[in-house]
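Just so it is clear: in the sequence shown, position 91 is 88 by my numbering, and no numbers are missing.
Each residue gets a CB set at the ideal place from its N, CA and C atoms; glycine is no exception.
No experiment lies behind these values; they were computed from the predicted model shown.
Some notes on the structure that comes next.
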Amino acid sequence: MVLDAVSDLTRFIDYFVDIYVILIFVVVIVSWIRLPDSLNPILRFVQDVTDPYLRMWRRVLPNVGPLDLSPMVGIIALVIAEEIVNTSLNRIH
């Protein structure tokens, strides 16, 4: 029973991080191109979901001219945190 809960939790964390990384990539790509106004509600939702996390990294990272490194650092931090949590959960097994 505990093994099922741990594996389910590990799978949930994997899916959550994967989806969040995809949303960060969407924000980055949308910042490069102009999309139709019909997609604005969707883009606003994606930005509302990702901006608090990316803003945290923007406050910490120094300015590098026009480059925003917060998405890259944010993704790396998410993947590292995912690995740490999954390793810790796998020790429970």
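Three or more Cβ pairs closer than 8 angstroms define a contact, and the segment 73 to 85 meets that threshold against the segment 8 to 15. With 16 or more other Cβ atoms from the protein chains shown falling within 10 Å of its own Cβ, Thr7 counts as buried. Closest by C-alpha distance to Asp48, out of Thr84, Val23, Asp34, is Val23. For Leu40, the secondary structure class from DSSP, reduced to helix, strand or coil, is helix.
For Gly71, the enclosing alpha helix (DSSP H) starts and ends at 67 to 89.
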